[in-house]
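J.: Those protein sequence lines, which keep their order, are chains A and B.
So the number in the numbering used here is just where the residue sits in the first sequence, counting from 1, plus 2.
So the number in the numbering used here is just where the residue sits in the second sequence, counting from 1, plus 2.
Below is the structure I would like to discuss, written out as structure tokens.
Protein chains: 2
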Amino acid sequence: MKQKNLRPFGQQREYTTFDTEPMFSKATEYAIRAVIFIAQKSNSETKVSLQEIAAAIDSPEFFTAKILQKLSGKNVLITSSRGRTGGFFMTDAAKKRPVMSVLEVMGEDELFNKCVLGLDKCSELKPCPMHHQYKTVKKNLIALFERKTIAQLAAEVNAGNSFISSES
Amino acid sequence: MKQKNLRPFGQQREYTTFDTEPMFSKATEYAIRAVIFIAQKSNSETKVSLQEIAAAIDSPEFFTAKILQKLSGKNVLITSSRGRTGGFFMTDAAKKRPVMSVLEVMGEDELFNKCVLGLDKCSELKPCPMHHQYKTVKKNLIALFERKTIAQLAAEVNAGNSFISSES
DNA sequence: TATTATTCAGACAAACTTGTCCGTTTATAT
DNA sequence: ATATAAACGGACAAGTTTGTCTGAATAATA
Chain A
3 MKQKNLRPFG QQREYTTFDT EPMFSKATEY AIRAVIFIAQ KSNSETKVSL QEIAAAIDSP
63 EFFTAKILQK LSGKNVLITS SRGRTGGFFM TDAAKKRPVM SVLEVMGEDE LFNKCVLGLD
123 KCSELKPCPM HHQYKTVKKN LIALFERKTI AQLAAEVNAG NSFISSES
Chain B
3 MKQKNLRPFG QQREYTTFDT EPMFSKATEY AIRAVIFIAQ KSNSETKVSL QEIAAAIDSP
63 EFFTAKILQK LSGKNVLITS SRGRTGGFFM TDAAKKRPVM SVLEVMGEDE LFNKCVLGLD
123 KCSELKPCPM HHQYKTVKKN LIALFERKTI AQLAAEVNAG NSFISSES
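See the structure below:
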């Protein structure tokens, strides 16, 4: 039962809007939320389906499918199986991986290497004027995503202390 | 002397690339660099032209023009004057404003209010599993951009301690 | 064996960002 | 006055991200 265009695209905005960006791309946001849900609900025997995942994290189903394909790429984060009782699951080892490993698969860990002013040549020797101060904040960000494991986040959600859906 | 397509567009990439995002949009990166340069080189009597700015910060000229229009919108950050000896300049008061004011004009200050996992309803009462830890990092980011003034960054560049161009 | 339920793979479409161009307006300089 | 040199404003083009759809492959079940 595939959903049929339930969410029409919004109105186009003016040219000069330059709208705000979140920290990560939508794809990465969905990826993290999906991985948390899969960690929560699956193990080597119990799988979860694309539809369950998309419903649980309130994400567009087909787009989420693409992301899950990417995440299951090297079978290091999530594992997929096809066919009638197919679905996605995570091993205990995978659940213990840091959130950073999701960012890496999504190719978004480079965020932490880039110059905040967009200079290709920005470095310790030839820094942009924000470089040194920004470095500290960047280290905190990296530490945060390196330290937190997927299992830890899943446990919080399991305990009812936090949430991974936009739904009320 | 308008530059003619010196920088052809790159090759198209595969669909599933999900490329990495920097902290800010290109527009905002150029905006910050432009404002630093204008602070450096201008005052109420001495103006700088679009061409000088784009050359100095190594940014696409016409795109930069759009950004400067936006920045001069309320005449609170940069001021523009038309005609033969026209150009852009900043007052001393404007130079003392924090970098955050540039982000505000570019509409990118919302970055600091958004949930890192993209949840609309994420809040203290109903947090996402990264919420509390991420809050601390966010505060550091906000503090950084609130504390640093445009004049401070311009002074660093003036002193030759840092740079705002990608050119070697 | 046929049906069913799942992921997979690719094409496509919509929206947004980035970048380019051109004609107009404005003010100075000749 | 006229030419010149600058910003302004709108249209347009290229590229990326987000989202949708359809058919194929796969594996279990009836």
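Virtual Cβ for every residue (Gly too), placed ideally from N, Cα, C.
Would you mind working out which of B:Val-78, B:Leu-121 and B:Glu-169 sits nearest B:Pro-100, comparing C-alpha positions?
T.: For the residues B:Val-78, B:Leu-121 and B:Glu-169, the minimum Cα distance to B:Pro-100 belongs to B:Val-78.
J.: Can you tell me whether A:Leu-143 is buried or exposed, with buried defined as 16 or more other CB within 10 angstroms of its CB?
T.: Looking at its Cβ environment, which holds 16 or more other Cβ atoms inside 10 Å, A:Leu-143 is buried.
J.: Evaluate the contact criterion for the segment 25–43 of chain B versus the segment 54–65 of chain B: three or more CB pairs, one atom per stretch, below 8 Å.
T.: Cβ pair count under 8 Å is three or more, so yes.
J.: Would you mind stating whether B:Ser-44 and A:Leu-121 have Cβ atoms separated by less than 8 Å?
T.: Against a cut-off of 8 Å, the Cβ pair of A:Leu-121 and B:Ser-44 comes out as no contact.
J.: Taking B:Ala-156 as the reference, give the member of A:Asp-94, A:Cys-130 and A:Ala-67 with the closest Cα.
T.: Measuring from the Cα of B:Ala-156, the nearest candidate turns out to be A:Cys-130.
J.: Would DSSP call B:Ser-103 helix, strand or coil?
T.: In this structure, B:Ser-103 counts as helix in the three-state DSSP scheme.
J.: Would you identify the three-state DSSP class for B:Phe-64, choosing helix, strand or coil?
T.: Here B:Phe-64 sits in helix by DSSP.
J.: Below 7 Å between beta carbons is the criterion; list the residues of the segment 65–87 of chain A that meet it against any residue of chain B, in chain order.
T.: For the segment 65–87 of chain A, which is checked against every Cβ of chain B, the residues closer than 7 Å are Lys-68 and Lys-72.
J.: Where DSSP assigns a beta bridge to A:Ile-87, which residues make up the other side?
T.: According to the sequence provided, residue 87 of chain A is Thr. The question's Ile does not apply to it. BP columns for A:Thr-87 are empty, so no partner.
J.: Going by other Cβ atoms of all chains shown within 10 Å of its Cβ, with 16 needed for buried, is A:Ala-96 buried or exposed?
T.: Classification of A:Ala-96: buried, given that the 10 Å Cβ count is 16 or more.
J.: Hey, out of A:Phe-90, A:Gly-85 and A:Met-108, whose CA is closest to A:Glu-54's CA?
T.: Ranking the options by Cα distance to A:Glu-54, first place goes to A:Phe-90.
J.: Which residues in chain A have a C-beta closer than 8 Å to the C-beta of B:Val-139? List them in chain order.
T.: Residues of chain A passing the Cβ test: Val-139, Asn-142, Leu-143 and Leu-146.
J.: Give a yes or no on whether 8 Å exceeds the smallest Cβ distance from A:Glu-63 to chain B.
T.: Cβ-Cβ to chain B under 8 Å: no for A:Glu-63.
J.: Would you mind working out which of A:Tyr-32, A:Tyr-136, A:Glu-47 and A:Gly-85 sits nearest A:Pro-254, comparing C-alpha positions?
T.: The structure shown does not extend to residue 254 of chain A, since chain A is modelled only from 3 through 170, so no value can be given for it.
J.: Roughly how many angstroms separate the alpha carbons of B:Thr-30 and A:Met-132, rounded to a whole number?
T.: Near 14 Å, if we compare the C-alpha coordinates of A:Met-132 and B:Thr-30.
J.: Taking the alpha carbon of B:Gly-136 as the point to measure from, which residue in B:Val-118, B:Ala-161 and B:Gly-162 has its own alpha carbon closest?
T.: One point to set straight first is that residue 136 of chain B is Tyr, not Gly, in the sequence displayed. The candidate whose alpha carbon is nearest that of B:Tyr-136 is B:Val-118.
J.: Select from B:Lys-141, B:Met-108 and B:Val-107 the residue whose C-alpha is nearest the C-alpha of B:Phe-114.
T.: Per the Cα distances, B:Lys-141.
J.: Entirely within the segment 108–160 of chain A and at least 4 residues each: give me those alpha helix (DSSP H) ranges in chain order.
T.: List check, alpha helix (DSSP H) in window: 133–149 and 152–160.
J.: Please say whether B:Phe-26 and B:Glu-112 have beta carbons closer to each other than 8 Å?
T.: No, the pair does not count as a contact, with Cβ atoms beyond the cut-off.
J.: Distance, Cα to Cα, A:Ser-164 vs B:Thr-151?
T.: Each residue's alpha carbon lies about 37 Å from the other.
J.: Output the distance between the C-alpha atoms of A:Ser-46 and A:Ser-74, rounded to the nearest integer angstrom.
T.: Rounded to the nearest angstrom, the two C-alpha atoms are 14 Å apart.
J.: Taking buried to mean at least 16 other C-beta atoms within 10 Å of its own C-beta, is B:Ser-103 buried or exposed?
T.: Buried, by the Cβ-count rule.
J.: Taking the beta carbon of B:Met-3 as the centre, do at least 16 other beta carbons fall within 10 Å, making it buried, or is it exposed?
T.: Interpretation of B:Met-3 is limited by its pLDDT of 25, a score under 50 that renders its predicted location unreliable; no figure is taken from the coordinates.
J.: Compare the Cα-Cα distances from B:Lys-98 to each of B:Ile-80, B:Gly-88 and B:Thr-87 and report the closest residue.
T.: Per the Cα distances, B:Ile-80.
J.: Please identify, using Cβ separations under 7 Å, the residues of the segment 90–114 of chain B that lie next to chain A, in order along the chain.
T.: Those residues of the segment 90–114 of chain B that come within reach of chain A (Cβ to Cβ, closer than 7 Å) are Met-108, Gly-109, Glu-110, Glu-112 and Leu-113.
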